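So the structure is just underneath, and the comments pick up after that.
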Amino acid sequence: MSRLMEEYTRKAAAYEAALSKIASTNRPVNSTALLWEIKETLYAGVGKGSQASSPSDLQTLHRALNGSRVISLGAKLTQQLATVAEEAENAGVIERLGPQKAREARLALGQALCLCLDGIADAGRGLTHAGPPDHAEFMARIRNPRTHPVNDLVTDLTLPDTMKALAAAARFVRCRLWPLAEEELAAAAVAEQGQGQGEAGAGEEQGEEEASQGAGGAAAGSSAADAPPINTKVKIKRLNDSIRVMKLDPVDADSAAQLVRQAGAAGGALLLSACAALHGAVGVVRHECDVMNSATPFAQALLGSLISTQALDEIAAAFLAAPPPPQPPSAAPYTSVYCMAFMTLTDVLTDVCGLAGPCGPGPIQLLTQPALLRLRYEMLEQVAATAPGGADEGIEGIGNAGGGRGTGAAVGLAAAGGAARVRLWPVMQRDTLRAVFGPRVQLTRSMFTFVVNAAGAPIAAQQHSEAACDRAAVMAFPDRRRAVALAAAASRALAARLEHLGAAGAAEPSAEARVTPRMLYDAAQHFPPVVHALVGAAPPREAAALVGDALLMYGWLLRCLVTPAGLAGAGRGGLETDSEKLMPFCTTYTIQDSPLNDDPLFKAWRRMTPLQRAAAAARALAARIPQSMDGVARQLAAQGEVPLEAVAGSADLVTLLLRAQLQRWRARLAAALAAREEAEATEAAEGAEEGVAGAGAAVLPPLPAPPSISELGLLLTAVKVIRCEAERLAAENAAAAASSSGNSSSSGSSSSSRAALLPALLQGAEPVHWVLAEHLMRWVGHREGGLASLLPELQPAAAAAAAATAGGSSSSASKAGKGKSKSGCSTATGGGGAAAAERLALGEAQRVVLEAMALAGVAVMQLYGEMLAAAVRHWDEQDGQQAQPGSAAPPRRAAAAGAGAAAASKQELCERLAVIAVQLLVLVALLPPPVLLAAPMPPQRLMPLLARALLHVQKQLGLGGGGGDNKGGKKKQGGGGGGGGGAAAPQEWTAAMDGWRELVLRLSAEPRLCAACVPGWLWGARRTDGGKVGGGKAGGGKAGGGRREVDSLQVDLTAVAAAGVEAAAAGAGASASAAASASTPPAAAAGAAEAGTSGGGGAPGVAVRGPVLLVRGAVVASTLASAGAEWSSQAWLQHQQQVVSLAQATLRAEHRDGGGDEAAYEGWRQAAAALPGGGEEGILGPAAARLCGNPRCSNFGGASEAALELKKCTACRAVRYCGAGCQKEHWRAGHKEACRRPPPSDTAGTQPAG
């Protein structure tokens, strides 16, 4: 043993001397070939006593390398020393020396082990120093695998004996040196307290790459306070993708002697040597595997040695057991060497994770060894703890897997919830990083590296296949619940870090920077594949428990995306991809032929109960998902894209989150109301005691503000996108109308050119704005997942309503005229005042939802109207061309193909018209009449366009003979329906006609809409024999036996189509008035609708010359007294109220099963009528004020529409603009005629636009 030690000491001394000589030459290290030549010359000097004569003489270098035996001899000595030390400890030999002598003996053994590892560590440092070889060097190694010196060096480093030596050294540190280090730190802490040195502060920022640090530290014992300072220098080098820590050198001999007497520094130095050796070997092997895209023999040998010897696992266990190093400014050398060693370990783990791609499951098996698995979990805990409050609040649902002590142990486990208060490691503390490494090593690097170390292996395996990634994730994270919860918590910390960096994080990185803030977004992208795989591998019940954390993780991922650094790193592809990731959480029903049905997150979300989904949504509120999706949508819109994925991927989820927010607000509201009642009761009691009523009025606590419409910023953005497209179509339609009404000489050619351009509604592929409108309407009107489903959360509490009903009238009557408290509520009865305050607060919340639904509905109606107008104009022009004498009649699809767009089939056209009818039914049932009538495209303009479109499609289907005989009929129950003759009606056509009939009935059933939208359209007749009654024509289904309330509903499309053509011809030159109508302030338009017959610029409903919808059956006799009378416009006016009753009775008869949207939406219309501050008429005006008043505004800057800082028009104060450009454009587009100056009282205190 002594002889071997002497031989190794001599060779190691020569080795160090040669290394110092090479370092003094200042040769460039970025030249791989030159560096390896120098390194092999060193081995020749150690082994042969001479240097290689030529750098290209590889055989000489190879022989010198084999002769040196530094690595193999060091590995043998290390194992033997560790064995001797362990035997001495077990036999009690060292313990019998006494405390001081035993401590010195253990330190001496540690010093000897460190000396034995020097050669191995320097070999690893040499490989790390060189970095990846150039192409020529790499090819030389491939061609000469047995003779190249680098290959021999890597072979020696990957031998099992070398790995056993590293494992033995790590065990010695963990078992023998760390207890001594704990004693040293405890003694130093006592000494500092005794001297009054308890101040704490931030370490100084150092700007040099070689940062000189004076660190205080004391050895255990009586001389701890008197120990001289140790001056050390940290040598680091930036190479490849991270900071490469080289060595910790003492400045002078005294410092060197003092350094080796500290157990913490000695243990850290041993771990640093072990990590440096591994880093060099693993780095070379990873580069080879990446180039070859397969597992090389070196990789197989390295992984086999690491797994069998558990060397890397022993090193990880030593780090986890390390005592917490002191923090700056009193950071000891132990802190510095610990940080350097840990940074080197993270580089090793990064390379091991990278091997998971080309090497298969081997690296995953290595990373799941006990200490490494625990280290990876705790790395994620450390990242999560960097979030504001993360270390103090604990991480919900995360327990401490392995217990343990020191740096890797969680501090202060909560007794109830199991959440852990995490102590940050030194490499996760900003001040410690700067004190040790200077400003070049930031917290951003540590967070990125920790995430890659923890979750990088499955991502590397993803290069083979998704299945390989799933298998790797399941292997890498056996504790699924803890892994998913940690992914959510770590994503939160990454988002917080990116938000903290702000605009600086998006700055263009320098050429030297390898880890930039933008890479934190890349780090966050490691979690979705892992979480997806873990949820898919979990049993159904466990998967349902995991999906809540998965939703939270995706929410924080979106927060990362919308930060400046995230947007700079993601690009357009990242915006579209990440906005689709919420799709599994946006519905609970199966979608036919959708890949979403096989998504494990979607399956787990569906299996959750409504209460579980509500609880998950309540937790996800902190991630601000609606604001993030709004930011994504605005970024896409600003780039000219339609944010379809953002709206489709989050509409239902945003509603669920809004419901959770409303429930949380209701809880706060109830608490505030209870506090008010208590304050009022106390005030009343005090007044009764003093004998003075109302003495000493109490200060009532304020009520929490309801959620604002800014919470629905995504809806506002979608509305703005749809409104821009509708305005574009309106401009095209106006230009086409003006062109067609011009001189007749150019009308033929212009019509021919326009006919070749297929309108969006008639194209085969669904227009993207059409799809966006469908998703928006589902968001608004769906009775389970849309905004319309929020009414129960906005109703008064049952107890308060019962109290108000039972005692409100008598109490109000007896207390009328009494004084009010400071809050404005009655102080006589606490219950009544609280109920009134609750109703007022709930009314404001209802207004927010109604405004959002009104904005969406008005925008969708405008888009549908302009699309229908373009389609009808196209069909009319084609019919005109076919009617010209001698002109050929080109087929419709041929014309479309000439324009490069495939035309929609007849079935697709019927489906789209049915969609329009159904969506209009929802809006008519949901929105108050003043909102509908004040819309830029009100129902009285939409209905004739839809009728003309239906008539054109009916002709194409061959369901009638054309002209005035084309009608649709419907039986009351089952059976027929369709055209008045011709072929059988397709199912899609029947659905479109059913929607049309119900639209006429719905509009006729509302008195304000009946006169304004469908005047004279509905009439009734008792006869069921198919004869002519009241100007209508019988057709369609035949009457069945027995008495029916509704025998048939007969439609005459030609009546409304002809009237619509006449109305369009009469107003052909009114495009300017239509623009002025669109620019009319909504409040003024609503007032006009209430006072007159219609909104939308005062355009009346289309007056027909005969009934459009004829009702036959017993219901006519019970509602329309003169059912047998001939229809006329005068008769209709005289019996208008009876016609309304007929429509209502027909709807009741048609929906006896409770179907239809009328009953479901009745509560919203009642809530709108009872709104404070104007009721129904006060909805659209404030709602429109949330958007820029210029309908063509395409300004999507800022995080939300509210961030645009809209300013009022200086004249009318009714329209707001985002800037002077939009104000000028809208002024020229028609606002000049609509603008009216408000009363003087309304103009005070406002700001000018622009």
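Residues in the sequence shown are numbered from 1 upward in steps of one, following the UniProt record's numbering. Idealized CB from N, CA, C, for every residue including glycine. Treat the numbers as computed from the prediction; the structure is a model and nothing was measured.
#### Entry: Short Cβ contact (9 Å threshold) for residue 269 with residue 337
yes
### Task
Measure the Cβ-Cβ separation of residue 923 and residue 932 and say whether it is below 9 Å.
yes
### Query
For the segment 1197 to 1216 against the segment 641 to 650, are there 3 or more C-beta pairs whose distance is under 8 Å?
no
### Task
Helix, strand or coil for residue 903, going by three-state DSSP, please let me know.
strand
### Query
Taking the beta strand (DSSP E) that residue 310 falls in, what are its first and last residues?
Where residue 310 is concerned, there is no enclosing beta strand (DSSP E), given that its DSSP letter is neither H nor E.
### Query
Which value, in whole angstroms, describes the spacing of the CA atoms of residue 925 and residue 1008?
13 Å
### Message
Could you check whether residue 1113 and residue 1046 sit closer than 9 Å to each other, using their CB atoms as the reference points?
### Response
yes
### Message
Taking only three categories from DSSP, how would you classify residue 1020?
### Response
strand
### Message
Given this structure, state the Cα-to-Cα distance separating residue 538 from residue 528, to the nearest angstrom.
### Response
15 Å
### Task
Return the residue from the list 321, 316, 843 that minimises the CA-CA distance to residue 453.
316
### Query
Grouping DSSP H, G and I as helix and E and B as strand, with all else coil, what is residue 423?
coil
### Query
Taking the alpha carbon of residue 1020 as the point to measure from, which residue in 910, 1143, 999 has its own alpha carbon closest?
1143
#### Entry: As assigned by DSSP and simplified to three states, the class of residue 1048
strand
### Task
Give the secondary structure of residue 429 by DSSP, where H, G and I count as helix, E and B as strand, and everything else as coil.
coil
### Message
According to DSSP, is residue 327 part of a helix, a strand, or is it coil?
### Response
coil
### Message
Using 8 Å for Cβ pairs, my map puts residue 320 next to residue 266. What's the rounded Cβ distance?
### Response
That pair is no contact at about 18 Å.
### Task
If I'm right that residue 106 touches residue 166 with Cβ under 8 Å, what's the distance once you round it to whole angstroms?
Contact flag wrong, Cβ pair sits at about 19 Å.
### Query
For the candidate residues 550, 671, 908, whose alpha-carbon lies nearest to that of residue 481?
550
### Query
How many Å lie between residue 277 and residue 582 at the Cα?
44 Å
### Message
Taking the beta carbon of residue 902 as the centre, do at least 16 other beta carbons fall within 10 Å, making it buried, or is it exposed?
### Response
exposed
### Message
Using a Cβ-Cβ cutoff of less than 7 Å, which residues in the same chain neighbour residue 457 once the five nearest sequence positions on both sides are dropped?
### Response
353, 356, 363, 364, 367, 472, 476
### Query
Measuring CB to CB, does residue 385 end up less than 9 Å from residue 493?
yes
### Message
Output needed for residue 651: all residues of its chain with C-beta closer than 7 Å, excluding positions within five of it in sequence on either side, in chain order.
### Response
586, 775, 778, 779
### Task
May I ask you to list the residues that DSSP assigns as paired with residue 1216?
1208
### Message
I'd like to know whether the C-beta atoms of residue 426 and residue 335 end up nearer to each other than 9 Å.
### Response
yes
### Task
Can you tell me which of the three DSSP states residue 1187 falls into?
coil
#### Entry: Those residues which DSSP pairs with residue 763 across a bridge
903
### Message
Checking 9 Å against the spacing of the C-beta atoms, do residue 556 and residue 488 come in under that value?
### Response
yes
### Task
Take residue 182 as the anchor and find which of 707, 575, 323, 388 has the nearest alpha-carbon.
323
### Task
Express the C-alpha separation of residue 770 and residue 1179 in angstroms, rounding to a whole number.
25 Å
### Task
Taking 9 Å as the cut-off, decide whether the C-beta atoms of residue 332 and residue 429 are in contact.
no
#### Entry: Element boundaries [beta strand (DSSP E), containing residue 1110]
1109 to 1112
### Task
Express the C-alpha separation of residue 663 and residue 700 in angstroms, rounding to a whole number.
23 Å
### Query
Would you call the segment 74 to 85 and the segment 161 to 177 touching, i.e. three or more CB-CB distances under 8 Å?
yes
### Task
Please classify residue 176: does DSSP put it in a helix, a strand, or coil?
helix
### Task
Scan the segment 443 to 527 and note each continuous alpha helix (DSSP H) run of 4 residues or more that stays entirely inside, going in chain order.
443 to 461, 466 to 476, 480 to 501, 518 to 524
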